[in-house]
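To keep things clear, I will list the structure first and then write my remarks on it.
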Amino acid sequence: MNYLSKGISKEKLLELYRAMLKPRMIEEKMLILLRQGKISKWFSGIGQEAISIGVASALTKDEYILPMHRNLGVFTTRGIPLFRLFAQWQGKSSGFTNGRDRSFHFGTQEYKIVGMISHLGPQLGVADGIALADLLKKRQKVTAVFTGEGATSEGDFHEALNVAAVWGLPVLFCVENNGYGLSTPISEQFRCEHIADKGKGYGMEAYIINGNNILEVYSKVNELCESIRKKPRPVLLEFKTFRMRGHEEASGTKYVPKKLLEEWAAKDPLENYVEYLHAQGLLSEEMEVEFKKEIIHEIDENLQLAFAEGQVQFNESKELKDVYKEFDYQDIKPNNETRNIRLVDAISESLKQSMEKHENLVILGQDIADYGGVFKITEGFVEAFGTDRVRNTPICESAIVSAAMGLSINGMKCVMEMQFADFVSSGFNPLVNYLAKVHYRWNEKADVVVRMPCGGGVGAGPFHSQTNEAWFTKTPGLKVVYPAFPYDAKGLLATAINDPNPVLFFEHKALYRSIYQEVPSAYYTLPFGEAALLKEGEEVSIVTYGAGVHWALECLEQNPEIQADLLDLRTLQPLDTFAIFESVKKTGKLIILQEDSLFGGIASDISALVMEECFEFLDAPVKRVGSLETPVPFAKSLENNYLPKERFLKSLLELIKY
Ligand SMILES: Cc1ncc(C[n+]2csc(CCOP(=O)(O)OP(=O)(O)O)c2C)c(N)n1
Ligand SMILES: [Mg+2]
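Counting in our numbering, the sequence shown runs from 239 upward without gaps.
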């Protein structure tokens with residue numbers, strides 16, 4: 239191996255050696271513990287240490303690193319006490335996730351490390367968001383994110399690199415090309431010769447680095463970091479290396495040709511470097527023995543600590559509480575000056591006032607800048623706040639949801655506009671797996687609102703008409719808001735932005751320009767989890783939300799003889815079960831109206847809850863009314879019959895008669 243130490247001090251040369259030695263020795267110990275059944279899974283990074291150590295050593299301690307499952311060296315180089323790592327791997331409280339997640343699936347703000355989720359790719363977009371926050375705050379920092387060559391086949395890789403290139407983000411994309419992704423060799427993973435070749439396609443600098451040569455890694459990354467801090471831009475690095483052990487220990491290496499393993503064993507990053515240091519007279523046998531003794535001592539001492547710690551205790555209320563970050567709701571009352579405005583205006587006004595209130599709030603979305611968004615909600619925002627904070631995005635929902643997460647990690651707030659709620663499926667993974675779970679997993683907030691223009695009745699067909707709130711109410715960790723009126727929308731959006739948890743904010747397109755209301759002009763908030771009782775009656779309870787509220791109102795207006803409680807839920811998560819139960823206890827009859835097709839929707843859960851909690855009060859079976867179990871059709875004649883509006887009265891009368 240060709241080692242060039244120009245410009246690196248002797249101390250640094252030895253420090254790099256010790257930094258590589260530590261994870262190697264920890265791993266050797268872990269392999270023993272694994273055989274003894276004392277730890278569960280192990281993803282080995284043996285043979286790849288130079289990359290973790292070289293990159294982590296080139297970054298300053300206050301620059302974020304986003305490692306993957308083979309980057310133990312990143313964690314040790316950042317100086318995390320070993321007992322905390324060991325406790326993490328044993329699912330104990332001194333780890334980073336209270337036993338809630340395993341291995342390297344955690345982050346820590348204390349050490350500026352943001353760990354992976356199993357899905358691999360979202361990590362890359364999160365790095366974009368972190369780097370964007372640094373760029374906006376002019377902090378002159380680099381963010382380094384790791385991925386294996388296998389995960390570069392995920393769409394997230396493409397999206398994240400493209401976004402970073404378009405926005406000029408200071409991100410180092412570190413691809414560890416170790417020959418395999420689980421059992422899949424690179425020949426079955428991609429067709430280009432080098433992953434670095436893709437850099438050109440993104441308009442991005444890219445370099446190939448010998449990932450087994452610690453000095454090459456450290457020098458090149460160090461040089462790039464210094465340059466990127468001065469001139470922010472993304473750089474793609476492909477580290478050529480090899481995975482010397484199985485994907486994880488249990489899976490073995492049978493499918494890897496012996497010859498390859500032998501070839502790469504000769505290139506071992508640690509052994510070769512030791513030889514070099516010996517030859518240079520920088521490292522003596524005695525020093526080596528001494529270093530190893532120190533590390534063995536550190537490992538043993540810390541292992542004892544971790545083993546001595548008891549298993550995490552299950553505490554149901556703590557488990558439930560930690561799904562969300564505590565939110566100290568500030569009730570800001572509306573002023574008396576009102577104007578008659580549409581739903582669309584109320585949302586725009588609320589968003590604008592929140593932009594004025596929170597200087598760290600950034601809006602991301604497609605066509606939201608000069609164009610003002612397809613529904614014109616952000617019209618005029620660029621003039622008021624600039625394109626840094628009102629940011630057009632490429633068409634890449636997954637990377638943008640991930641970037642929103644990254645902004646939050648790095649101290650910003652983010653509102654992301656889905657152009658249509660239907661398109662959230664392209665950003666589904668980071669939403670339900672990253673943002674929703676991050677607080678429960680490692681106590682990190684996801685201060686993100688995703689605005690969701692949704693709903694049918696607009697003749698827009700299967701991909702521009704869905705109301706997909708049930709995809710999210712299912713997932714612990716998300717909040718779901720669904721206003722039906724301008725007044726509620728304005729106050730609830732302000733609260734959603736104040737709330738540090740991820741909120742899906744549904745805005746019904748058919749109501750945007752058809753529903754007017756007197757709305758206070760100044761900023762105000764409304765609390766989550768409080769339904770609105772719009773009408774009171776003794777005969778029956780109608781529970782609904784969104785467009786359903788207006789269908790029910792129309793129905794009651796046309797049938798004034800019906801004496802009904804009409805409850806507009808306003809937020810679905812949290813759900814105001816108290817208001818629902820109170821109403822049902824009074825009337826004894828419940829009908830739930832939802833726009834979505836029936837199966838698996840909110841109506842079903844509300845029905846089940848009422849059955850469980852109010853059975854003795856019921857005078858009739860709970861009724862649910864929803865759309866047909868089909869996609870949303872385009873033609874008016876089909877859509878009118880798909881939607882439940884026309885069927886509602888019949889069901890309501892049947893229930894009253896029961
Ligand atoms: C979305 C997704 N698909 C598949 C997997 C299963 N899986 C976990 S790691 C891995 C291989 C990753 O290969 P690579 O990116 O090259 O990283 P390496 O393990 O080689 O370091 C696979 C297939 C996963 N965790 N997530
Ligand atoms: Mg790989």
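Glycine included, C-beta positions come from ideal geometry on N, C-alpha and C.
How would you write the range of the beta strand (DSSP E) that R689 sits in, first residue to last?
Unbroken beta strand (DSSP E) run through R689: 686 to 692.
Unbroken alpha helix (DSSP H) runs of length 4 or more, entirely within the region 789 to 814: which are they?
With a minimum length of 4 residues, no continuous alpha helix (DSSP H) run stays inside the region 789 to 814.
Name the DSSP beta bridge partners of A444, please?
L474, per the DSSP bridge assignment.
Mind checking whether the beta-carbon of K483 lies closer than 7 Å to any heavy atom of ligand 2?
For the sequence presented, residue 483 should be read as Arg rather than Lys. No - ligand 2 has no heavy atom lying nearer than 7 Å to the Cβ of R483.
Could you check if Y761 belongs to the surroundings of ligand 2, using beta carbon to heavy atom distance under 7 Å?
Checking the Cβ of Y761 against ligand 2 gives no.
In terms of alpha-carbon separation, which member of V676, E557, K531, P360 lies closest to G393?
For G393, the nearest C-alpha among the options comes from P360.
Any chance the CB of M306 is under 7 Å from a heavy atom of ligand 1?
Flag set: Cβ of M306 near ligand 1.
Heavy atom of ligand 1 less than 7 Å from the Cβ of S356, yes or no?
S356 Cβ: within cutoff of ligand 1.
If you draw a straight line from the alpha carbon of Q568 to that of Q832, how long is it in whole angstroms?
Using only the alpha carbons, I get a separation of about 30 Å.
May I ask you to report which of helix, strand or coil DSSP gives F819?
If DSSP states are grouped into helix, strand and coil, F819 belongs with the helices.
Taking 7 Å as the line, does the beta carbon of E833 fall inside it for any heavy atom of ligand 2?
Result no, Cβ not under 7 Å from ligand 2.
Taking only heavy atoms of ligand 2 into account, decide whether any of them is closer than 7 Å to the Cβ of Y493.
No.
I want to check one thing, is the minimum distance from the CB of N416 to the heavy atoms of ligand 2 below 7 Å?
Yes, Cβ of N416 sits closer than 7 Å to a heavy atom of ligand 2.
Below 8 Å on the Cβ atoms is my contact criterion, and I expect T315 with I291 to pass it. Report the Cβ-Cβ distance as a whole number of Å.
At roughly 6 Å, the Cβ-Cβ gap stays under 8 Å, so T315 and I291 are in contact.
Roughly how many angstroms lie between the CA atoms of G644 and A684, to the nearest whole one?
If you take the alpha carbons of G644 and A684, they lie about 9 Å apart.
Rounding to the nearest angstrom, what Cα-Cα distance links K436 and E387 in this structure?
Answer to the nearest angstrom: the Cα atoms are 12 Å apart.
According to DSSP, is Y672 part of a helix, a strand, or is it coil?
Here Y672 sits in helix by DSSP.
Using C-beta distances below 8 Å, list every residue in its chain close to T385, excluding the 5 sequence neighbours before and after it, in chain order.
Counting only Cβ-Cβ distances below 8 Å, and skipping sequence neighbours, we find M306, L358, G359, Q361, L362, F395, F411, C412, V413, E414.
Specify the secondary structure class of Q361 as computed by DSSP and reduced to three states.
The answer is helix: DSSP assigns Q361 an H, G or I state.
Between V741 and I289, what straight-line distance do the alpha-carbon atoms span, to the nearest angstrom?
Whole-angstrom Cα-Cα distance: 37 Å.
Does the count of Cβ pairs from the region 243 to 258 and the region 417 to 432 closer than 8 Å reach three?
No, because fewer than three Cβ pairs between the region 243 to 258 and the region 417 to 432 fall closer than 8 Å, the two stretches do not touch.
Helix, strand or coil: which one does DSSP assign to K531?
Note: K531 maps to helix in three-state DSSP.
From A727 to R862, what does the alpha carbon distance come to, in whole angstroms?
Those two C-alpha atoms are separated by around 25 Å.
With DSSP collapsed to three states, give me the class of C430.
It is coil, neither helix nor strand.
In terms of DSSP beta bridges, what is I829 paired with?
The partner list for I829 (beta bridge, DSSP) reads I780, K861.
Assign Y302 to buried or exposed, taking buried as 16 or more other Cβ atoms, counted over all protein chains shown, within 10 Å of its Cβ.
So Y302 counts as buried.
Between the Cα of S341 and those of S465, K248, K279, S331, spot the shortest distance and give me the residue it belongs to.
Taking only the C-alpha atoms, the option nearest S341 is K279.
Report whether the distance from the Cβ of E476 to the nearest heavy atom of ligand 2 is below 7 Å.
No, Cβ of E476 sits at least 7 Å from all heavy atoms of ligand 2.
Apart from the five residues just before and just after T825, which ones in its own chain have a Cβ nearer than 8 Å to its Cβ?
Hits under 8 Å: G775, E776, E777, V778, S779, A802, D803.
Starting from the N-terminal side, write out each stretch of the beta strand (DSSP E) that is 3 residues or longer and does not extend beyond the region 675 to 747.
With a minimum length of 3 residues, the continuous beta strand (DSSP E) runs that stay inside the region 675 to 747 are 686 to 692, 717 to 719, 741 to 746.
Return yes when at least one heavy atom of ligand 1 lies under 7 Å from the C-beta of G898, else no.
Given that the chain is displayed from residue 239 to residue 896, the structure contains no residue 898 and the question cannot be resolved.
State the DSSP-derived secondary structure class of Q755, mapped to helix, strand or coil.
Residue state, collapsed to three classes: strand.
Within 7 Å: the Cβ of A389 and any heavy atom of ligand 1?
Flag set: Cβ of A389 near ligand 1.
With a threshold of 16 other CB atoms inside 10 Å of the CB of F853, please say whether the residue is buried or exposed.
Under this definition F853 is an exposed residue.
Answer yes or no: do Y762 and I570 have a C-beta to C-beta separation smaller than 8 Å?
Yes, they are a contact pair.
Taking 7 Å as the cut-off, is the C-beta of L252 nearer than that to any heavy atom in ligand 1?
The answer is no for L252.
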